[in-house]
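Chemist:
In mature numbering (1 follows the signal peptide of the UniProt record, and there is no 0), the protein residues as written are -20 to -1, 1 to 146.
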């Protein structure tokens, strides 16, 4: 029984660390980027929900399988919830089984910033909105072809524009 519990705990740790979790991005990399949208923390708190603020501005994460876009199938474009920048297309969304919306490619590379994240005792790549600096999630090299990438993104960091509204 003890061995089984250890295996379950280790599996849970690996699963949780594979997506989301709070991160600390390299301050130098972000500070050297000129974001088009710059607001005070008070302005962000006024405009965002508490969950959006926690994820976008404090690098938090939502619980697995709890986000509105995890099992979402509509066609359209996903935007940053902080500033409206187009970040992912429904064309590249896939079910990764992790409990977070996952994409194998980005809408436009120029709209995102990838930052080394050395938090949680591991090295990951954080995905940041290139317009406002909001934390969206992380990218991993275990996704499907043609890119082999899995952008693991928090639903609360996203808004959605249906195809017929584009």
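Cβ atoms here follow ideal geometry from the backbone N, Cα and C, with glycine treated the same way.
Given this structure, state the Cα-to-Cα distance separating residue 66 from residue 135, to the nearest angstrom.
Modeler: Walking along the chain shown from the start, residue 66 turns up at place 86. Walking along the chain shown from the start, residue 135 turns up at place 155. C-alpha separation (whole angstroms): 14 Å.
Chemist: For residue 2 and residue 38, I'd like the C-alpha separation in whole angstroms.
Modeler: The residue labelled residue 2 in the question sits at position 22 within the chain shown. The residue labelled residue 38 in the question sits at position 58 within the chain shown. Summary for residue 2: the model assigns pLDDT 38, below 50, so the residue's position carries little reliability, and this model does not support an answer.
Chemist: Can you tell me where the beta strand (DSSP E) holding residue 66 begins and where it ends?
Modeler: Residue 66 sits at position 86 when you count from the first residue of the chain shown. Where residue 66 is concerned, the enclosing beta strand (DSSP E) stretches over 66 to 69.
Chemist: Identify which residue in 101, 122, 133 and 68 has its Cα closest to the Cα of residue 35.
Modeler: As a working mapping, residue 35 is identified with position 55 in the chain shown. Minimum Cα distance to residue 35 is reached at 133.
Chemist: Report yes or no: do the segment 50 to 58 and the segment 94 to 113 share at least 3 C-beta pairs separated by less than 8 Å?
Modeler: Taking 8 Å as the limit for Cβ pairs, the verdict is that the segment 94 to 113 does not touch the segment 50 to 58.
Chemist: Measure the C-alpha to C-alpha separation of residue 78 and residue 44 and round it to an integer number of angstroms.
Modeler: Position 98 of the chain shown, counting from 1, holds the residue named residue 78. Position 64 of the chain shown, counting from 1, holds the residue named residue 44. Cα-Cα distance, rounded: 7 Å.
Chemist: In chain order, what residues of the same chain have a beta carbon less than 6 Å from the beta carbon of residue 72, not counting five sequence neighbours either side?
Modeler: Here residue 72 refers to the residue found at position 92 when the chain shown is read from its first residue. Same-chain partners within the cutoff: 83, 84 and 85.
Chemist: Have a look at residue 97 and residue 19 and give me their C-alpha separation to the nearest angstrom.
Modeler: Residue numbering aside, residue 97 sits at position 117 when the chain shown is read from its first letter. Residue numbering aside, residue 19 sits at position 39 when the chain shown is read from its first letter. Rounded to the nearest angstrom, the two C-alpha atoms are 23 Å apart.
Chemist: Between the alpha carbons of residue 123 and residue 81, how many angstroms are there, rounded?
Modeler: As a position in the chain shown, residue 123 is number 143, starting the count at 1. As a position in the chain shown, residue 81 is number 101, starting the count at 1. Using only the alpha carbons, I get a separation of about 12 Å.
Chemist: Would DSSP call residue 146 helix, strand or coil?
Modeler: Counting from 1 along the chain shown, the entry for residue 146 is found at position 166. Of the three classes helix, strand and coil, the one that applies to residue 146 here is coil, per DSSP.
Chemist: If we call anything under 8 Å between Cβ atoms a contact, is residue 58 one with residue 129?
Modeler: Here residue 58 refers to the residue found at position 78 when the chain shown is read from its first residue. Here residue 129 refers to the residue found at position 149 when the chain shown is read from its first residue. No, the pair does not count as a contact, with Cβ atoms beyond the cut-off.
Chemist: For residue 117, which residues in the same chain have their Cβ closer than 6 Å to its Cβ, ignoring the five residues on either side in sequence?
Modeler: Locating residue 117 in the chain shown gives position 137, counting from the first residue. The residues are 107, 132, 133 and 134.
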